[in-house]
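Asks:
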Amino acid sequence: MEFQDVVDRRRMVRSFSTDPVPSETVDRILRNALHAPSAGFSQGWAFLVLDSAADVERFWASTTPAGRDVDTWSTGMRQAPLIVVPMSHKQAYLDRYAEPDKGWTDRDESRWAAPYWDIDTGMAALLMLLTVVDEGLGACLFGIPPDSLQRFRAEFGVPDEYAPIGALAIGHRLPDTPSASLRRGRRPLADVVHRGRW
Ligand SMILES: Cc1cc2nc3c(=O)[nH]c(=O)nc-3n(C[C@H](O)[C@H](O)[C@H](O)COP(=O)(O)O)c2cc1C
């Protein structure tokens, strides 16, 4: 697919068939994630991959708050045969920048202009979203509710120092209802771009 088509077609898909994603495709999605840039080439990220029906079910069971109704969103999303949870690892960045070529041996977080550990993991997630489009599949990045995180970590043995930035549901697209947020419309270039000065 042409690169511009990949970008233009990228949208969050929230309804999937249960058909599996071929393992070569899963591998390509993950390999491309590793091509994301990272500050100091820290690569402080990890990806939990759930590609069996049992593991996907454990994901939803551990991240759905008790008492939440099954709605259209969860019905469509739960069908996805593949979940990838990208996680950021702040300590890897603090340690990397304490090395002699960077020299921030105090590991002081106030030195960081922005949380690059989350930013870099987000860029890896975007590469996965684009690869999904190139593969003719669909995906949605969504948040894991904070009050489910402990249960999710325990269920999958995630170490404390790894922070999920969200989760990706990936699979074969079915027609879905576009998010109501889209009614906001895409902001025009002129509103967001400041050429030469603000
Ligand atoms: C960080 C982040 C978190 C998001 N969380 C959710 C979510 O919890 N549930 C959901 O359905 N969509 C979620 N989305 C998708 C956005 O709603 C979507 O990207 C936005 O409405 C623009 O639509 P598009 O991506 O289809 O162009 C999230 C997107 C991002 C980047």
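Following my numbering, the numbering of the sequence shown begins with 7 at its first residue and continues without gaps.
Heads up, the beta-carbon is just placed ideally off N, CA and C, and yes, glycines get one too.
If the criterion is Cβ atoms closer than 9 Å, does the pair residue 32 and residue 57 meet it?
Replies: Result yes, Cβ atoms of residue 32 and residue 57 sit closer than 9 Å.
Asks: Which of the three DSSP states, helix, strand or coil, is assigned to residue 128?
Replies: Note: residue 128 maps to helix in three-state DSSP.
Asks: Does at least one heavy atom of ligand 1 sit under 8 Å from the Cβ of residue 22?
Replies: No.
Asks: With distances taken between CB atoms, is the gap from residue 19 to residue 145 smaller than 9 Å?
Replies: Against a cut-off of 9 Å, the Cβ pair of residue 145 and residue 19 comes out as a contact.
Asks: For residue 41, which residues from the same chain have a beta carbon less than 7 Å from its beta carbon, with the 5 sequence-adjacent residues on both sides left out?
Replies: 133, listed in sequence order.
Asks: Closer than 8 Å is the cut-off here; do at least three beta carbon pairs connect the region 63-81 with the region 110-118?
Replies: Not touching, per the Cβ criterion.
Asks: By DSSP, does residue 151 sit in helix, in strand, or in coil?
Replies: Here residue 151 sits in coil by DSSP.
Asks: Determine the DSSP secondary structure at residue 123, reduced to helix, strand or coil.
Replies: Of the three classes helix, strand and coil, the one that applies to residue 123 here is helix, per DSSP.
Asks: Please work out which residues of its chain come closer than 6 Å, Cβ to Cβ, to residue 65, disregarding the five sequence neighbours upstream and downstream, and give them in chain order.
Replies: If we look at residue 65 and ignore the five residues flanking it on each side, its Cβ neighbours are 56 and 89.
Asks: Looking at the strands, I want to know which residues DSSP matches up with residue 170.
Replies: Looking at the DSSP assignment, residue 170 forms a beta bridge with 93.
Asks: Would DSSP call residue 109 helix, strand or coil?
Replies: In this structure, residue 109 counts as coil in the three-state DSSP scheme.
Asks: In angstroms with no decimal places, state the Cα-to-Cα distance between residue 150 and residue 93.
Replies: Distance between the alpha carbons of residue 150 and residue 93: 12 Å.
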